[in-house]
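Numbering (the numbering used here), first residue to last: 16 to 914. See structure below.
Pasting the structure below:
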């Protein structure tokens with residue numbers, strides 16, 4: 016015991032002079048790092064916390080033990096160190112809460128991990144490296160520290176004699192998941208894990224990318240603390256060690272392994288040959304990057320497994336102390352894994368212990384940046400709610416110029432540069448020149464051209480772009496071409512104003528001085544399995560035009576990506592989202608990125624942004640209710656015309672009803688050029704209101720008028736007659752939910768409150784709306800989207816205050832959840848609110864709007880909104896439609912003859 020005391024609290028048996036005391040406590044002369052005595056207190060208090068004690072109790076237990084060993088109370092200096100340790104731990108905990116992720120987890124006795132200690136060997140140096148050499152902001156490093164601590168705390172304690180944990184971390188595409196993986200690795204090894212296995216994608220490029228990041232950001236800061244089984248070489252994947260098995264070493268062991276049968280089989284064979292006694296002494300962390308790719312069983316049967324899925328499961332089954340953590344931004348396939356593995360087979364990879372959704376990092380550009388957040392008020396949108404006007408349309412006929420129309424034509428395909436690609440190339444050159452004007456000439460700038468999986472087509476398109484560049488370099492200076500560039504540049508700066516991101520306008524004359532040098536620096540790189548040339552961002556100022564297919568569709572980071580030209584087709588959620596290489600961080604040029612894509616792809620991404628948001632919302636809801644991943648199935652919304660993931664990965668999915676408990680629904684897409692449907696919807700509203708008993712009193716409210724206690728039968732008839740767009744995601748499911756709820760034992764939804772929203776200065780409708788007569792109409796202009804031949808998308812119909820039409824008072828400036836909770840506290844959980852909106856057919860946008868245009872409908876439009884009370888139900892099941900995949904490019908084997 017005395018040895019423990021002297022080790023943890025050096026100098027405790029001798030008095031300290033002033034300098035020694037300052038060193039033991041730690042102060043600003045040492046960079047604010049806790050001194051050795053404070054570190055000793057921190058370690059001992061955290062050990063007590065790991066046993067399940069709260070901070071105050073743990074600190075008191077350690078103090079009493081100390082006094083029992085020394086036979087006296089704490090001296091003034093010792094008490095100061097003890098208090099400093101408490102303050103340090105409390106500050107670290109508060110910091111973590113401030114950057115909290117959302118996690119659902121299996122209950123565990125005690126919290127074994129509370130964060131790193133200042134004297135840990137790996138995380139403190141890695142954090143310093145990020146701050147000093149990688150120029151991370153303090154806020155970003157702190158957020159990474161907090162989120163990685165959350166992941167490690169959800170893992171199994173490596174000191175346990177036996178454990179098998181399975182979890183999943185859900186990030187965003189191109190959002191820095193690798194940094195989180197490395198931080199988790201550093202902390203896990205500091206905490207006692209001795210072997211880390213990265214399953215790093217399916218290509219050599221992805222494996223080397225992960226190996227490079229590990230060696231630069233983690234190993235280089237503690238070179239003698241790691242033993243590597245893989246290298247950066249082209250053939251540096253895992254190979255069987257000379258003695259045929261793994262030994263237990265003081266340095267932590269690391270293997271960065273491609274998800275390919277050959278290296279995985281070698282790894283499994285080496286583990287199986289490792290003596291059981293050594294395996295028992297080796298806590299192993301398996302990190303599966305892009306865990307929805309290849310890792311999920313796609314055999315179509317629970318009793319058969321695909322090769323890679325089977326090898327990963329066998330690997331985990333061989334290890335008595337192992338934690339599996341999958342990372343992905345598209346968890347659709349993973350949450351559809353059957354958590355009940357047939358008897359006699361190794362456990363599958365369902366994340367039964369925890370699912371953690373990482374927070375969106377500061378400065379990250381994702382689907383919200385393009386398509387906007389949900390507006391707080393439909394009539395007062397902010398730029399964040401509308402999104403950036405950064406998408407440019409590729410007309411469908413132009414696709415055939417950049418890709419073969421079918422696999423039969425890939426040999427005869429002849430590429431050319433259509434007008435849309437011409438615009439994209441010109442803009443990329445000007446945007447790269449603009450970055451040079453801003454002082455970023457020494458930074459990478461790239462354009463991605465993603466057209467097809469066929470490698471021969473990549474070569475021919477590269478040749479066509481090369482010819483275009485030669486011509487442009489010679490001819491851009493002519494007065495006509497120069498004026499064309501000027502007009503395009505000024506048009507683009509108006510559509511995405513630099514001031515919205517804190518930048519100033521760059522006159523064309525300034526970028527013109529950098530155009531020729533930019534063209535001279537451009538390199539065309541084909542990134543596919545047949546190419547010998549690879550992207551190299553290890554040196555500065557790379558200016559690339561990158562052409563490829565599958566290799567570019569997942570995981571590969573393209574530094575300085577500024578322009579994307581994208582026509583690759585797929586019908587699957589996960590494949591499409593992963594193709595969004597333009598998501599990520601664009602610090603210093605947030606206003607410059609542009610995306611060229613077809614209108615149907617743009618609409619698909621817009622719909623997927625809703626799916627992505629809903630999955631995270633469900634994880635948050637289950638976390639609040641204390642549920643585990645074994646208690647529920649994440650809801651995945653179905654988008655007409657698309658599939659969630661490969662059909663064989665969905666064998667355990669089921670079609671089921673969806674609950675709208677606690678939600679608000681609104682129609683946002685209308686057939687604005689179809690007068691028949693618009694008039695039928697209006698007549699449906701008239702019939703509803705005329706059928707209401709005339710003795711019922713109409714209340715005048717500040718936002719409109721209200722009728723209380725309308726029978727369900729009338730509301731149901733209206734909902735049945737109203738024709739909502741199939742793209743308004745609740746269409747087709749609403750009546751099933753209402754019917755299911757109406758037969759519940761407490762008879763909810765028997766009576767509804769029905770109202771019409773009327774702005775004070777709204778123009779009167781030309782046709783009466785039942786007992787309400789001619790109503791004041793709302794203004795809802797439509798988004799200026801590439802394809803608007805059939806539907807007008809208004810993005811939002813409801814304002815938050817509308818949900819309080821049937822109650823008095825209510826919070827101002829609160830979020831939707833707070834508004835709906837307040838309403839429910841007044842009316843209870845049995846009465847829904849149906850809102851009708853008469854929309855002016857001639858609705859015009861505000862003069863300052865850059866993203867909207869006049870509605871110009873064939874007739875006045877009737878929109879509807881519904882606020883459902885929270886019935887405490889769980890949306891337990893995934894709603895999917897099992898079907899054969901279309902014959903799209905995602906059906907082609909990834910590494911057959913295509914790439």
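Cβ coordinates follow ideal geometry from the N, Cα and C atoms, glycine included.
The C-beta distance from residue 684 to residue 442 rounds to 30 Å, too long to meet the 8 Å contact threshold.
For the 9 Å CB-CB criterion, residue 337 and residue 331 form a contact. When the beta-carbon positions are compared, residue 323 and residue 301 stay at least 9 Å from each other. Note on residue 813: 16 or more other CB atoms within 10 angstroms of its CB, so buried under the neighbour-count rule. A residue is called buried once 16 or more other Cβ atoms fall within 10 Å of its Cβ, and residue 427, having fewer, is exposed.
Using a 10 angstroms sphere on the CB of residue 519, the tally of other CB atoms stays under 16, which defines it as exposed.
For the alpha helix (DSSP H) assignment, the uninterrupted runs of no fewer than 4 residues enclosed by the region 250-329 are, from N- to C-terminal side, 276-288, 291-294.
Taken atom to atom, the span from the alpha-carbon of residue 851 to that of residue 821 is near 13 Å. DSSP places residue 365 outside any beta strand (DSSP E), giving it a letter other than H or E. Here residue 132 has 54, 57, 58 as same chain residues with Cβ atoms under 7 Å from its own Cβ, once five neighbours each way along the sequence are excluded. Looking only at 94, 635, 835, 230, the smallest Cα-Cα distance to residue 846 is reached by 835. Residues 181, 354, 644, 645 of the same chain have their beta carbon placed closer than 6 Å to that of residue 367, with the five preceding and five following residues left out of the count. When C-alpha distances from residue 559 are compared across 571, 546, 96, 536, the shortest belongs to 536. Between residue 784 and residue 700 the beta-carbon gap is near 6 Å, inside 8 Å, which marks them as a contact. Judged by DSSP in its simplified three-state form, residue 465 adopts strand. In chain order, 312, 314 place their CB closer than 6 Å to the CB of residue 320, counting only its own chain and leaving out the 5 sequence neighbours on each side. Residue 406 carries a strand assignment under DSSP once its states are collapsed to helix, strand and coil. Inclusion of residue 130 and residue 164 in the CB contact set at 9 Å is warranted, their separation being smaller than that value. Within the same chain, 333 come within 6 Å of residue 286 by CB-CB distance, once the 5 residues on both sides are set aside. Linking residue 634 to residue 370 through their CA atoms gives a straight-line distance of about 8 Å. Two segments are said to touch when three or more pairs of C-beta atoms, one from each, lie closer than 8 Å; by this definition the region 153-167 touches the region 194-201.
Between residue 272 and residue 439, the C-beta spacing is not below 9 Å. Scanning 791, 487, 774 for the CA closest to the CA of residue 816 turns up 774.
As DSSP reads the structure, residue 862 sits in no beta bridge. When the beta-carbon positions are compared, residue 448 and residue 526 come within less than 9 Å of each other. Residue environment for residue 87: exposed (fewer than 16 other C-beta atoms within 10 angstroms of its C-beta). In the DSSP assignment, residue 219 falls outside any beta strand (DSSP E) and within the unbroken alpha helix (DSSP H) covering 219-232.
In terms of CA proximity to residue 818, 768 leads the group 863, 857, 859, 768. Pairing residue 860 with residue 869 gives a Cβ-Cβ distance under 9 Å. By the CB criterion at 9 Å, residue 598 and residue 365 fall outside the cutoff. The residue among 134, 413, 611, 417 with its C-alpha nearest the C-alpha of residue 471 is 417. Annotation for residue 219: 249, 252, 273 place their beta carbon closer than 8 Å to its own, counting only its chain and skipping 5 residues before and after. Residue 714 is bridged by DSSP to 721. The region 871-880 makes contact with the region 686-703; the number of CB pairs closer than 8 Å reaches 3 or more.
Straight-line measurement puts the Cα of residue 361 at about 24 Å from the Cα of residue 255.
In the DSSP assignment, residue 162 falls within the alpha helix (DSSP H) that extends over 153-169.
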